[in-house]
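What follows is a single structure, written as structure tokens, with notes after it.
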Amino acid sequence: MSNPFLSIEDQPGKMIVNVKNEWIFDNVLALEHATASVLPQEGQEVTFQCAGLEEIDIAGAWVLYDRTEQLSELGIKSDLQGFKEAHFKFLQNIIDAAAIREFEESEEGPEKSTLKRQVMENVGQVASTRVEDLGEIVRSIVNGLHRPSLIIVGETLKQVYYTGVQAIPVVMIITFLIGIVLAYQASGQLQQFGASVFVVDLVSISITREMGVLLAAVMVAGRSGSAFAAALGVMKLNEEVDAMRVLGLNPNQMLIIPRVFGLVIALPILTIFADIAGIAGGGLIAVGSMGIGSMQFIERVAFSTDLADFYVGLAKAPFFALLIAAVSTLRGMQVTSSAEELGSKTTTAVVQSIFLIIVADAFFTMLFTRMGI
Amino acid sequence: MENIISVRGLVNRFGDQLVHDGLSLDVRRDEILGVVGGSGTGKSVLLRSILGLHKPTSGTITVLGQEIEYQKPGPSHCWGVLFQGGALVSGLTVQENVELPIALHSDMPVETRHELASLKLLMSGLSLTVADKYPSELSGGMRKRVSLARALALEPKILFLDEPTAGLDPIAATEFDELITYLNDNLDLTIMMITHDVDSLFGICSRIAVLVDGGIVVGTVDEILASDHPWIRSYFGVPRAQRARRSVGGASTPSR
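Here's what the structure looks like:
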């Protein structure tokens, strides 16, 4: 058996391994196979004769060293000989490092807890962090409102612009399209009963009570929730938040309050635009393809939809906005260390915002139904 | 002596600003070359040009006989870079950071990779207790050491250091200098370092390259100190440079 990296001379009582060629990083895999083929008999001593080495680096030297260690664990004596000085220093590095390591490993680490205990700990931790989160949100808002300065007003208006005004086109387009979808789906069913005209009722009531505000909120959660979390997260990573604190500025007041209030103002405005666009989408189908006259459509909307329906939708907007802003800013402020964490916190912010919006919407629907509104 | 890196006629222009004007530089095998220069003289641009991270206006750069092209994979296997801030992957542990280049560049088994990474950490003067920590949990000096271990992961021939001792306290900086000298001696590494640490310049560099007037002045410490260029005179004339020079025993230089 010929191997480019070593040749073995088997003699009674000892085995001489002539190490040759390039023992370098690129060849590590081949070197490991080569050294694995050094299989002395019991009682044989192994000598690695290293004079034939052309080149060696840390990786190559480690493979050699590792094999001698493995052999000594099997109770076989082994020896490294004939190193050139330029090569030996690589091996010396490894011997030094191994000594440090042995010293370190002699100091014992802490005990590991059992699985059951870990599960319990995790459950407890999740529960307590939720409570902590809630407390943190309340604390930062209350703290932010302490001794307010005029800067808040300007910052809040800026946020209204970014989160509200800039979102108007996209929110209107999606609700317009949803209005079309609702009208189409309803018309197929209602035409069977000859009740096509109720399509108008269905679209205008569902848009104003539910869909308008919900779509606007989900859009804002994706758009501004992620923006809040990412912006605050980067500020935390850049120590901007710490710098503010040291300068005597209140980061809760400067960063969180404007976003919360900005969104609380912006989302109801967006909801109004969403309602208009949604009903217009329904109207397009009703008038364009179902033969309902445009005046009839307007009358029907006015007849079927109370202002109460409109207010029911609108009333939910500030609550949704509060949820989005509070969760997103909280997650942003929780970023402490890494870019990876920034990504995961931003994801959490959006997912939790949308989740909480839907939960809250279900709650509101039940509440309003019970109240008979 | 053999040239590991050679830069020929390097020109870098940013708008009206001419940073390098036909700069030529040779880095010799096994030396520690210190690069200094005032702000805006293009130390980082020079380094980035050599690494293929910046496209020079004109000029050729050869590293280990291979010509460097912008954003083309250079001899990445043969060089290691220690960026100023460490540039560790923040989402990976220390151990994973060092293993990453090995995993990408070789097909060795996981245990071997693991062992080699641990070895590099130990050689960089770190305790293996940090292996499972994340970069954000480490001090600045330790992060530099982890970054150094990562730079050494692929058994490079050349090590580029960007201000390795910046932001370290004098004790840590001295230890880092010792580590660099050790690596230079024991791993046959050629080292090119950008530094403003006059202690490192006098203490461990075999030659110094000074970026001035769009060009470069290279020489041993003695030669540079004898230069009558006004900027060089003022750089090495300030009290802290004078003190550093005295503390390493006059202007003696480690010669090779």
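Protein sequence lines correspond, in order, to chains A and B.
According to our numbering, the stretch in the first sequence is residues 1 to 373, in order.
According to our numbering, the stretch in the second sequence is residues 374 to 629, in order.
Built from N, CA and C at the ideal position, the CB exists for glycine as well.
Because the structure is a prediction, the values reported are computed rather than measured.
Counted within 10 angstroms of its Cβ, other Cβ atoms place A/F355 as buried (16 or more) or exposed
Answer is exposed; the Cβ neighbour count stays below 16.
Could you tell me which chain A residues have their CB closer than 7 Å to the CB of B/M515, listed as they occur along the chain?
Think of a sphere of 7 Å around the beta carbon of B/M515: no beta carbon from chain A falls inside it, the nearest being about 14 Å out.
Mind listing the chain B neighbours of A/N93? Cutoff is C-beta to C-beta under 7 Å, in chain order.
Neighbours of A/N93 on chain B, chain order: M496 and N559.
Would DSSP call B/S634 helix, strand or coil?
Nothing can be reported for residue 634 of chain B: it is not among the residues displayed for chain B, which extend from 374 to 629.
For B/T554 versus B/I577, is the C-beta spacing smaller than 8 Å?
Against a cut-off of 8 Å, the Cβ pair of B/I577 and B/T554 comes out as a contact.
I need the DSSP call for B/S656, collapsed to helix, strand or coil.
Absent from the model: residue 656 of chain B. The displayed extent of chain B is 374 to 629, so no value can be given.
Between the stretch 9 to 34 of chain A and chain E, which residues of the former have a C-beta closer than 8 Å to a C-beta of the latter?
The structure shown has no chain E; the protein chains it does contain are A and B.
For A/A36, is the classification buried or exposed, using 16 other Cβ atoms within 10 angstroms of its Cβ as the cut-off for buried?
With fewer than 16 other Cβ atoms within 10 Å, it is exposed.
Jot down the residue ranges of each uninterrupted beta strand (DSSP E) in the stretch 28 to 69 of chain A, minimum 3 residues, whole runs only, in chain order.
If we require 3 residues or more, the beta strand (DSSP E) runs fully inside the stretch 28 to 69 of chain A come out as 45 to 56.
Name the two residues that bound the continuous alpha helix (DSSP H) containing B/D389.
Neither: B/D389 is in no alpha helix (DSSP H) and is coded neither H nor E.
I need the boundaries of the alpha helix (DSSP H) containing A/V20, first residue and last residue.
Before going further, note that residue 20 of chain A is Lys rather than Val in the sequence given. A/K20 -> not in any alpha helix (DSSP H); beta strand (DSSP E) instead, spanning K14 to W23.
In chain A, which residues lie with their C-beta within 8 Å of the C-beta of B/G464?
The contacting residues are S338, A339, E340 and E341.
How long is the line joining the alpha carbons of B/Y507 and B/A545, rounded to whole angstroms?
Using only the alpha carbons, I get a separation of about 21 Å.
In whole angstroms, give me the CA-to-CA distance for A/M244 and B/I434.
Going by the C-alpha atoms only, they are around 45 Å apart.
Tell me the DSSP bridge mates of B/E440?
Its beta-bridge partners are B/T435.
List, in order along the chain, the chain A residues whose C-beta lies closer than 8 Å to that of B/S479?
Annotation: Cβ neighbours of B/S479 in chain A (cutoff 8 Å, chain order): F25, D26, V28 and L29.
Could you give the DSSP three-state label for A/V197: helix, strand or coil?
In the three-state scheme derived from DSSP, where H, G and I count as helix and E and B as strand, A/V197 is classed as coil.
When the cut-off is 8 Å and only beta carbons count, does B/S520 lie next to chain A?
Not a single C-beta of chain A is nearer than 8 Å to the C-beta of B/S520.
Can you tell me whether DSSP reads B/G453 as helix, strand or coil?
Here B/G453 sits in strand by DSSP.
Entirely within the stretch 109 to 167 of chain A and at least 3 residues each: give me those beta strand (DSSP E) ranges in chain order.
Those beta strand (DSSP E) runs which fall completely within the stretch 109 to 167 of chain A and span 3+ residues do not exist here.
Alpha carbon to alpha carbon, how far is B/V467 from B/P603?
Distance between the alpha carbons of B/V467 and B/P603: 45 Å.
Distance between A/I141 and A/I151 (C-alpha atoms, nearest Å):
Cα-Cα distance, rounded: 16 Å.
Same chain, Cβ closer than 7 Å to B/R613, five either side skipped, listed in chain order
Cβ within range, chain order: V571.
With 8 Å as the threshold, decide whether the Cβ of A/E102 is near any Cβ in chain B.
Cβ-Cβ to chain B under 8 Å: no for A/E102.
Is DSSP giving A/A325 helix, strand or coil here?
Here A/A325 sits in helix by DSSP.
Using a threshold of 8 Å, state whether the C-beta atoms of A/I203 and A/G282 are closer than that.
Here the sequence assigns Val to residue 203 of chain A, which means Ile is not the residue at that position. Yes, these two residues count as a Cβ contact at 8 Å.
Beta-carbon separation of A/T346 and A/G233 under 8 Å?
Yes, these two residues count as a Cβ contact at 8 Å.
How would you call A/V312, buried or exposed, if buried means at least 16 neighbouring beta carbons within 10 angstroms?
Buried, since its Cβ has 16 or more Cβ neighbours within 10 Å.
Starting from B/T502, find everything on chain A with Cβ-Cβ shorter than 8 Å and list it in chain order.
The contact set of B/T502 on chain A, defined by CB atoms closer than 8 Å, consists of E104 in chain order.
Excluding sequence positions up to five away, which residues of its chain have a Cβ less than 6 Å from the Cβ of A/T40?
Here residue 40 of chain A turns out to be Pro, not Thr, going by the sequence shown. Cβ within range, chain order: M15, V46 and I76.
For the beta strand (DSSP E) that contains A/E9, what are its first and last residues?
Here the beta strand (DSSP E) through A/E9 covers L6 to Q11.
Please check the pair B/M481 and B/L525, which I expect to be a contact at CB under 8 Å, by giving their CB distance rounded to whole angstroms.
Contact doesn't hold; Cβ gap of about 16 Å is too wide.
Quick one, are the C-beta atoms of B/P529 and B/C451 less than 8 Å apart?
Yes, these two residues count as a Cβ contact at 8 Å.
Length of the line joining the Cα atoms of B/V418 and B/H427
The alpha-carbon atoms of B/V418 and B/H427 are separated by roughly 7 Å.
Nearest-angstrom Cβ-Cβ length linking A/A227 and A/I357, presumed shorter than 8 Å
No, A/A227 and A/I357 are not in contact; Cβ-Cβ is about 17 Å, not under 8 Å.
Taking just the CA atoms, how far does B/E484 sit from B/A624?
At B/A624, the pLDDT of 46 sits below 50, so the modelled position is not reliable; the number obtained from the coordinates is stated separately. Going by the C-alpha atoms only, they are around 48 Å apart.
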